[in-house]
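Numbering of the sequence shown is given in the UniProt record's numbering, commencing with residue 1 and proceeding in unit increments.
This report concerns only the one structure given below.
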Amino acid sequence: MGFESNHAVSAENVWIVIPVHNRRTTTARCLKHLSELGVLLWAHVLVVDDGSSDGTRNMLEQDFPWVRVVAGNGQLWWSGAIRLGMETAIQSGAVCIVWLNDDTLPQSGALERLVNLSAERAGICGGIARTHAESFFYSGGVMRRRWPERLKSVPGIDADPLPQEWLHGNMVAIPAAVWSRIGLNESCWMKHTFADIEYTLRAHRAGLPVLLVPAAQAAAEYNDSASYWSWADPRLSWRDVLAGFRSPKVWWYLPGLVYFKLVTAGVAGAFDCVWLCVKALLLGIYKGIPIRRLTQNINQTNDMS
Numbered sequence: 001m002g003f004e005s006n007h008a009v010s011a012e013n014v015w016i017v018i019p020v021h022n023r024r025t026t027t028a029r030c031l032k033h034l035s036e037l038g039v040l041l042w043a044h045v046l047v048v049d050d051g052s053s054d055g056t057r058n059m060l061e062q063d064f065p066w067v068r069v070v071a072g073n074g075q076l077w078w079s080g081a082i083r084l085g086m087e088t089a090i091q092s093g094a095v096c097i098v099w100l101n102d103d104t105l106p107q108s109g110a111l112e113r114l115v116n117l118s119a120e121r122a123g124i125c126g127g128i129a130r131t132h133a134e135s136f137f138y139s140g141g142v143m144r145r146r147w148p149e150r151l152k153s154v155p156g157i158d159a160d161p162l163p164q165e166w167l168h169g170n171m172v173a174i175p176a177a178v179w180s181r182i183g184l185n186e187s188c189w190m191k192h193t194f195a196d197i198e199y200t201l202r203a204h205r206a207g208l209p210v211l212l213v214p215a216a217q218a219a220a221e222y223n224d225s226a227s228y229w230s231w232a233d234p235r236l237s238w239r240d241v242l243a244g245f246r247s248p249k250v251w252w253y254l255p256g257l258v259y260f261k262l263v264t265a266g267v268a269g270a271f272d273c274v275w276l277c278v279k280a281l282l283l284g285i286y287k288g289i290p291i292r293r294l295t296q297n298i299n300q301t302n303d304m305s
C-alpha cells in the first residue's frame, strides 16, 4: 500500500517509535516482523531502549543496524520512552509518528492504513490488537462515570473507522497536526498506565478526530498482570494493594492516578481519588485480618472434600 502524496506523508518523514526494556527476545521478534513486512521501504524505525540490562542494546546493534536507537536511563517507563522517541523523531523531521509496542505484531498493510488515514483526517488513528484471550483485545473506548471503558466486542474488519474518545497505545498513528495542537504525552506524573488514554482523550476533547480502524489489526500479548487486576482479585494481597500506590507499573500508582483524574474530571476526579484511597485502606484491612484468612482456609478445605 502506497502513500497519498497530497497528505505530504513519505518514507522520509514517517517514524515508528518502539519503547523497550529488558525484553530482548520480544523486541527482536517485533523488529524481524517489521522487516519482513517491508516497513523499511516507507518508514524509519526508532527504538527507545530504557536502560535494558539483558543485552538488548548489543542485539540491536548487531542484528538490526537499520534501527535508530535512543538510550534511556532506566526510569523512563512507557510514557517517558514514548515522549523521548517522539521528541527525537520530530527533531528529525517527522510528519507522522507511530506508537508501537514491541509485543504487538501488525498484520500486513495495517501500519500503512493507519498512517494514511491519520494524515487524511488530521487525527489519531489506532488499530485493533487481538490477544490469545478471546475476550480481551486492545482497541479504544469511551469515558464512563469518569473512568475509561473499553469496547466490549471486536468490530468486523470491513467496518468503517469508528470515532472513539480514547485509544490504547499499542499501535497508533499520530500526525503532526495533533502534536502541533495539543503537544506531547505527559510523562512526569503518568509514567505508564493511563498515559496513552489521557493523550488520545486530550486530542478528542480538543476536537481532533480519534478513530479506531478495524481494517488495521495486529496480534499482541495479553498482559495478565497486576497492572490491570481489580483490587478484588484474590491474587492481590493487601500488601500488594498498598504497595501499588508507589509502583508506576500498576493502574493505581498514586501520582499518575491523581493526575489523570484531575485533568480528565476536575473536582469530581479529586473526590474519586479520595474515595479510592479510603477504599484501598478498607480493602487492605479486609484482606489482612485473620478472620478473612480463616474463611479462605475453610473454603479451601470444603473444596477439597
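Here a beta-carbon is modelled for each residue, glycine too, at the ideal position from N, C-alpha and C.
Since the structure is predicted, the reported quantities are computational estimates derived from the model, not experimental observations.
Is serine 79 closer than 8 angstroms to serine 187 when the C-beta atoms are compared? Cβ atoms of serine 187 and serine 79: closer than 8 angstroms.
By alpha-carbon positions, which one of Arg145, Gly256, Gln107, Gln164 ends up nearest to isoleucine 124? Nearest of Arg145, Gly256, Gln107, Gln164 to isoleucine 124, Cα basis: Gln164.
Could you have a look at proline 234 and say whether DSSP puts it in helix, strand or coil? The three-state reading of DSSP puts proline 234 in coil, since its state is none of H, G, I, E or B.
Three or more C-beta pairs under 8 angstroms: does that hold for the region 134-150 against the region 264-281? At 8 angstroms Cβ cutoff, the stretches touch.
Buried or exposed (CB count within 10 angstroms, at least 16 for buried), isoleucine 97: Buried, because 16 or more other Cβ atoms sit within 10 Å of the Cβ of isoleucine 97.
Given tryptophan 179 as reference, the closest of Ile82, Val69, Thr193 once Cα atoms are compared: Residue Ile82 is the option with its Cα nearest to tryptophan 179.
Per-residue DSSP class, three states only, for phenylalanine 260: DSSP places phenylalanine 260 within a helical segment (H, G or I) once states are collapsed to three.
Helix, strand or coil: which one does DSSP assign to histidine 44? Looking at histidine 44 - three-state DSSP - the assignment turns out to be strand.
At what residues does the alpha helix (DSSP H) containing isoleucine 82 begin and finish? Taken as a continuous stretch (DSSP letters only), the alpha helix (DSSP H) holding isoleucine 82 covers 77-91.
Sheet register partners of glutamine 217 (DSSP bridge): Answer is Ile128.
Sequence ranges, beta strand (DSSP E) only - wholly within the region 23-67, length at least 3: Correct list: 44-49.
Close beta carbons around leucine 37, own chain, < 8 angstroms, minus the five adjacent residues each side: Within the same chain, leucine 37 has close Cβ partners Pro106, Ser108, Leu111.
Alpha-carbon spacing of glutamate 134 relative to serine 225, whole angstroms: Spanning the two alpha carbons is a distance of roughly 17 angstroms.
Following the continuous beta strand (DSSP E) through threonine 104, name the residue where it begins and the one where it ends. Element bounds for threonine 104: 104-106.
Going by C-alpha to C-alpha distance, which of Met190, Gly244, Val278 sits closest to proline 255? Per the Cα distances, Met190.
Kindly indicate which three-state DSSP category isoleucine 18 falls into: helix, strand or coil? Here isoleucine 18 sits in strand by DSSP.
Could you tell me which residues DSSP pairs with glycine 140 in its beta bridges? The partner list for glycine 140 (beta bridge, DSSP) reads Leu167.
Between the region 277-284 and the region 217-224, can you find at least three pairs of beta-carbon atoms closer than 8 angstroms? As far as the Cβ criterion goes, the region 217-224 does not touch the region 277-284, which means the pair count is below three.
Give every residue of the same chain whose Cβ lies closer than 7 angstroms to the Cβ of glutamate 198, excluding the five residues on either side of it in the sequence, and list them in chain order. Closer than 7 angstroms at Cβ, skipping near neighbours: Glu186, Met190, Phe260, Val263, Thr264.
Compute the beta-carbon to beta-carbon distance between methionine 171 and threonine 104, rounded to the nearest angstrom, for a pair I have assumed lies under 8 angstroms. Sure, about 5 angstroms apart at Cβ, within 8 angstroms.
How would you label proline 234, buried or exposed, when you count the other beta carbons within 10 angstroms and need 16 or more for buried? Exposed, by the Cβ-count rule.
Expected contact under 8 angstroms - CB spacing of glycine 126 and valine 213 to nearest Å: About 7 angstroms; that satisfies the 8 angstroms criterion.
Scan the region 151-210 and note each continuous alpha helix (DSSP H) run of 4 residues or more that stays entirely inside, going in chain order. Here the runs fully enclosed are 176-182, 195-205.
Is tryptophan 252 helix, strand or coil when you go by DSSP? Reduced to three states, the DSSP call for tryptophan 252 is coil.
Are at least three pairs of beta-carbons, each pair with one atom in the region 44-55 and one in the region 63-73, less than 8 angstroms apart? The region 44-55 vs the region 63-73: in contact.
Taking just the CA atoms, how far does tryptophan 229 sit from valine 278? When rounded, the distance between both Cα atoms is 18 angstroms.
Per-residue burial, serine 153 [other beta carbons within 10 Å of its own, 16 or more giving buried]: Serine 153 should be labelled exposed.
DSSP state of alanine 71, grouped into three classes? Reduced to three states, the DSSP call for alanine 71 is strand.
Looking only at C-alpha atoms, which of Tyr253, Pro161, Thr193 sits nearest to leucine 117? Looking at the Cα atoms, Pro161 is the closest of the given residues.
Could you check the C-alpha separation between arginine 181 and arginine 121 for me, to the nearest Å? So the two alpha carbons sit approximately 14 angstroms from each other.
For a quick check, are the C-beta atoms of glycine 74 and glycine 55 less than 8 angstroms apart? Glycine 55 sits away from glycine 74, with the two beta carbons spaced by 8 angstroms or more.
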